[in-house]
Amino acid sequence: MSDSDLPNAIVNRIIKSSLPENVAIAKDSKLAISKAAKIWIHYLTAASIDFSQNAGRSTLLPKDVLQALEELDFESFKAPLEEFFSNYKIKEKEKEKKKEEEKKEREKENKDKENKDKDDNDKDDDENEDEKNNDKDGSDDK
Amino acid sequence: LPLARIKKIMKSDPSVRMISWEAPLLFAKACEFFILELTARSWIHTDLSKRRTLQRSDIIHGVSRVEAFDFLIDVLPRDEIKP
Chain A
1 MSDSDLPNAI VNRIIKSSLP ENVAIAKDSK LAISKAAKIW IHYLTAASID FSQNAGRSTL
61 LPKDVLQALE ELDFESFKAP LEEFFSNYKI KEKEKEKKKE EEKKEREKEN KDKENKDKDD
121 NDKDDDENED EKNNDKDGSD DK
Chain B
1 LPLARIKKIM KSDPSVRMIS WEAPLLFAKA CEFFILELTA RSWIHTDLSK RRTLQRSDII
61 HGVSRVEAFD FLIDVLPRDE IKP
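Going down the list, the sequences are from chains A and B.
Be aware that the first sequence starts at 1, since it is given in UniProt numbering, and climbs by one per residue.
Be aware that the second sequence starts at 1, since it is given in UniProt numbering, and climbs by one per residue.
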């Protein structure tokens with residue numbers, strides 16, 4: 001197969017998490033599982049596409065995936081998948097909210113800093129004015 | 001599992017046109033579930049054989065016992081296992 005494979009490190013980590021601590025896994029087995037997983041993606045994709053095409057759509061939607069899982073006898077995946085997805089959406093919303101708040105904080109800080117700088121500059125300008133007047137008095141030689 | 005990689009694999013199917021942003025995410029998670037399931041089923045056979053190393057033959061056994069895994073029969077054929 002010329003298209004990309006799944007990254008071994010991540011696949012191996014998932015495999016390990018499914019096995020008890022003291023179990024080893026032969027290298028060719030790791031590869032076999034990785035290959036099977038890739039075939040699984042093709043398989044699920046094809047089934048999902050069927051559902052989207054039957055609905056007259058050109059875009060593959062989440063509901064196509066869920067229906068495909070049921071069709072392929074992987075119904076047990078549906079509930080945990082839906083739960084994962086709703087948790088994901090909640091987390092993303094919270095992240096967005098946090099980003100917005102941080103942005104507002106920064107903008108407020110910048111504004112405060114600007115105002116402070118402005119005040120400092122006004123002070124400096126006054127000081128420079130004084131110096132300039134002094135210089136005028138004393139440095140006419142060339 | 002990296003979404004870009006998943007998307008690439010999905011798109012290698014010529015009948016795939018557009019995928020919603022959620023799809024690769026769902027696929028990645030479903031794939032994770034699949035790996036967990038396949039590994040667990042294979043492990044059952046490793047355990048039955050009183051071994052501590054999961055071999056390819058265990059995977060073949062796992063595949064042959066679960067109807068939903070029939071799509072893997074060509075890749076992991078039963079005849080590979082010596083009786």
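In this text, a Cβ means the ideal position worked out from N, Cα and C, and glycines have one as well.
In the three-state scheme derived from DSSP, where H, G and I count as helix and E and B as strand, residue 40 of chain B is classed as helix. Exclusion of the five residues before and after residue 56 of chain A leaves no residue of its chain whose Cβ lies closer than 6 angstroms to its Cβ. Interface residue (Cβ-Cβ distance to chain B less than 8 angstroms): residue 90 of chain A is not classified as such.
Taking the Cβ atoms as the reference, residue 37 of chain A lies roughly 18 angstroms from residue 55 of chain B, outside the contact range of under 8 angstroms. Neighbours of residue 58 of chain A in chain B, taken as residues whose beta carbon is under 9 angstroms from its own, are 17, 18 in chain order. Around the Cβ of residue 86 of chain A, a 10 Å sphere holds fewer than 16 other Cβ atoms; the residue is exposed.
Around residue 29 of chain B, the beta-carbon contacts reaching into chain A at under 7 angstroms are 81, 84.
Relative to the Cα of residue 28 of chain B, the nearest Cα in the group A:11, A:24, A:32, A:29 belongs to A:11.
Taking CB atoms only, residue 37 of chain A has a neighbour in chain B less than 8 angstroms away. For residue 24 of chain A, the secondary structure class from DSSP, reduced to helix, strand or coil, is strand. Under the 10 Å beta carbon count, residue 45 of chain A is surrounded by 16 or more other beta carbons and is classified as buried. Your pair residue 48 of chain B and residue 32 of chain A does not check out as a contact, with CB atoms roughly 19 angstroms apart and the cut at 8 angstroms. Counting other Cβ atoms within 10 Å of its Cβ, residue 69 of chain A reaches 16 or more and is therefore classed as buried.
Contact annotation: the segment 27-44 of chain B touches the segment 57-71 of chain B, with at least three C-beta pairs closer than 8 angstroms.
Within the same chain, and ignoring the five residues on either side of residue 11 of chain B in sequence, the residues whose Cβ sits closer than 8 angstroms to its Cβ are 19. With the rule of 3 Cβ pairs closer than 8 angstroms, the segment 73-80 of chain A does not count as touching the segment 95-109 of chain A.
Taking all protein chains in view, the Cβ of residue 21 of chain B is surrounded by fewer than 16 other Cβ atoms within 10 Å, so the residue is classified as exposed.
Comparing alpha carbon positions, the residue from A:90, A:66, A:116 closest to residue 26 of chain B is A:66. The three-state secondary structure of residue 19 of chain B, taken from DSSP, is strand. Under the DSSP definition of a beta bridge, residue 66 of chain A lacks any partner.
Only residues of its own chain outside the window of five on either side were considered, and among them 25, 30, 33 have a CB closer than 8 angstroms to the CB of residue 15 of chain A, listed in chain order. Taking a Cβ-Cβ threshold of 7 angstroms, the residues of chain A close to residue 67 of chain B are 73, in chain order.
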